[in-house]
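**Student:** Before I ask anything, here is the structure I am working with.
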Amino acid sequence: MFVAALQKRHVLASPSYRAFPDSVPSEAILQQTMMDSAFEGILLSRSTGIKQSQNEAPSSTSTVSSGVQWSTFYGMYITAYNTVYVPGYRESGLIVTNEITIWDARKDGQMVWSASTATQNPTDAKALRQEVTGLIVPGLARDGIIP
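Rendered as structure tokens:
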């Protein structure tokens, strides 16, 4: 998804599985590839964790108007009120965090940009990738890393 989103912004991009079709490269192999390549930069994305989230909403009461009524006791119209009880509840979910870094492949491989994302309750891997890509690529453009 990063490749397609970058190409829409006229950035020549290539997925890493073309350079590393069999497995994730070690840091040494990645460094060597970065030095030997014609790439200007390398985007690395990695999951930094999945954790359970727990949110608790306490119970509460509130007073609401139930309308205007004629009061025979007071001999006039009065507004009646009711007390409404709202029970508390708990919500649980997942928070998936990712780290995205951009490295300058033309120099000594210095990191030039980084960001972290936290996605709450992703529905599936594709939705997670779409959300992360939708946040990161505009951020790269905003910060002048890409056009």
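Just remember that the working numbering sits 39 ahead of the position in the sequence shown, which is counted from 1.
Using N, Cα and C, we set each Cβ at its ideal position, and we do this for glycine too.
1. If you measure between the beta carbons of Leu45 and Val176, is that distance less than 8 Å?
2. Is Tyr124 helix, strand or coil by DSSP?
3. With respect to the alpha helix (DSSP H) encompassing Arg85, which residues constitute its N-terminal and C-terminal limits?
4. So for Val50, helix, strand or coil by DSSP?
5. On the DSSP bridge assignment, give the partners of Gly132 in chain order.
6. Between Ile141, Ala96 and Thr136, which has its C-alpha nearest Arg129's C-alpha?
7. Looking at C-alpha atoms only, which residue of Thr162, Ile184 and Ala119 is the closest neighbour of Ile134?
8. Assign Phe41 to buried or exposed, taking buried as 16 or more other Cβ atoms, counted over all protein chains shown, within 10 Å of its Cβ.
9. Among Met74, Thr111, Ser153 and Tyr116, which one has its Cα closest to the Cα of Lys4?
10. In this structure, does DSSP put Ile185 in helix, strand or coil?
11. Using 8 Å for Cβ pairs, my map puts Tyr120 next to Ser104. What's the rounded Cβ distance?
12. Quick test of your reading: Phe78 and Ala154, contact by CB under 8 Å. State the CB separation rounded to the nearest angstrom.
13. Please confirm whether Pro60 and Thr72 have their CB atoms less than 8 Å apart.
**Tutor:** In terms of the structure at hand:
1. Here residue 45 refers to the residue found at position 6 when the sequence shown is read from its first residue. Here residue 176 refers to the residue found at position 137 when the sequence shown is read from its first residue. Leu45 is a Cβ neighbour of Val176, given a cutoff of 8 Å.
2. Here residue 124 refers to the residue found at position 85 when the sequence shown is read from its first residue. In the structure shown, Tyr124 sits in a strand (DSSP, three-state: E or B).
3. Indexing the sequence shown from 1 puts residue 85 at position 46. No alpha helix (DSSP H) holds Arg85; the beta strand (DSSP E) holding it covers Gly80 to Ala96.
4. As a first step, residue 50 is located in the sequence shown; it is residue number 11 there, counting from the start. Three-state DSSP puts Val50 in coil, outside helix and strand.
5. Translated into the one-based positions of the sequence shown, residue 132 becomes position 93. Bridge pairing for Gly132: Ser92 [DSSP].
6. Numbered from 1 along the sequence shown, position 90 holds the residue referred to as residue 129. The option with the nearest alpha carbon to Arg129 is Ala96.
7. As a position in the sequence shown, residue 134 is number 95, starting the count at 1. Out of Thr162, Ile184 and Ala119, Thr162 has the C-alpha closest to the C-alpha of Ile134.
8. Residue 41 sits at position 2 when you count from the first residue of the sequence shown. It counts as buried.
9. Any question about residue 4 goes unanswered here, given that the chain covers just 40 to 186.
10. What you label residue 185 is simply residue 146 of the sequence shown in a count that begins at 1. Correct three-state label for Ile185: coil.
11. Sequence index remark: in the sequence shown, residue 120 carries index 81 (1-based). Sequence index remark: in the sequence shown, residue 104 carries index 65 (1-based). Indeed they touch by this definition, with Cβ atoms about 6 Å apart.
12. Along the sequence shown, read from residue 1 onward, the residue named residue 78 stands at position 39. Along the sequence shown, read from residue 1 onward, the residue named residue 154 stands at position 115. Taking a contact as a CB-CB distance under 8 Å, the pair Phe78 and Ala154 does not count as one, their CB atoms being some 20 Å apart.
13. Mapped onto the sequence shown, residue 60 falls at position 21. Mapped onto the sequence shown, residue 72 falls at position 33. In this structure, Thr72 does not lie closer than 8 Å to Pro60 by Cβ.
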